[in-house]
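Take a look at the structure:
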């Protein structure tokens, strides 16, 4: 069983999502199925089929989240330190072409959200930065060509 690295915050978000699915979504869809059954003939009952489809999706989500949580290797970022970029680090970079600054936290795959500055450990930019230090320049192949970024700061937030 392959371990899945994730931050403590990512694990907590999964746990909250799982609780919501089990305590709110699952009972609601069961009630919807029961109500649709009461309408009679199930073969032509669109409400029933929609509710059953939703139930299948919810059960799939629950199984997926439980699997991720069972394989989770929770890493407490606040206890990490050092100058090298590794999982959990928040890295400030400067685009060498545009001089734009950006900061990214390297997180597990399911936690990634570029809009909030969280990139997956398996993303090209994260893979390029792993093991590098402040002042190093990393080159990343992007759809628009090769981009160069200078690592300005490595933090453990």
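Numbering (the working numbering), first residue to last: 25 to 181.
Each residue gets a CB set at the ideal place from its N, CA and C atoms; glycine is no exception.
May I ask you to report which of helix, strand or coil DSSP gives residue i?
i: residue 80; result: helix
i: residue 30; result: strand
i: residue 103; result: helix
i: residue 163; result: strand
i: residue 94; result: helix
i: residue 36; result: helix
i: residue 121; result: coil
i: residue 109; result: coil
i: residue 55; result: helix
i: residue 143; result: strand
Can you tell which of the options has its C-alpha closest to the C-alpha of residue i?
i: residue 34; options: 57, 98, 78, 178; result: 98
i: residue 28; options: 77, 113, 144; result: 144
i: residue 151; options: 159, 129, 139, 168; result: 129
i: residue 147; options: 140, 165, 90, 159; result: 165
i: residue 141; options: 116, 159, 154, 122; result: 116
i: residue 80; options: 90, 50, 101, 153; result: 50
i: residue 118; options: 159, 167, 63; result: 159
i: residue 180; options: 126, 94, 111; result: 111
i: residue 46; options: 126, 137, 90; result: 90
Could you pull out every residue in the same chain whose Cβ sits closer than 6 Å to the Cβ of residue i, ignoring the five residues on either side in sequence?
i: residue 172; result: 120, 161, 163
i: residue 71; result: 60
Tell whether a beta-carbon distance below 9 Å holds between residue i and residue j.
i: residue 57; j: residue 75; result: yes
i: residue 131; j: residue 31; result: yes
i: residue 37; j: residue 124; result: no
i: residue 184; j: residue 178; result: Because the chain spans 25 through 181 in this model, residue 184 falls outside it and cannot be assessed.
i: residue 95; j: residue 26; result: yes
Using a Cβ-Cβ cutoff of less than 8 Å, which residues in the same chain neighbour residue i once the five nearest sequence positions on both sides are dropped?
i: residue 156; result: 108, 109, 162, 175
Near residue i, which residues of its chain fall below 7 Å by C-beta distance, leaving aside the five closest residues on each side in sequence?
i: residue 92; result: 28, 38, 134
i: residue 153; result: 109, 115, 162, 175
Decide if the stretch 82 to 94 is in contact with the stretch 37 to 57; the criterion is three or more beta carbon pairs, one per stretch, under 8 Å apart. When Cβ pairs closer than 8 Å are counted between the two stretches, the stretch 82 to 94 is seen to touch the stretch 37 to 57, the count reaching three or more.
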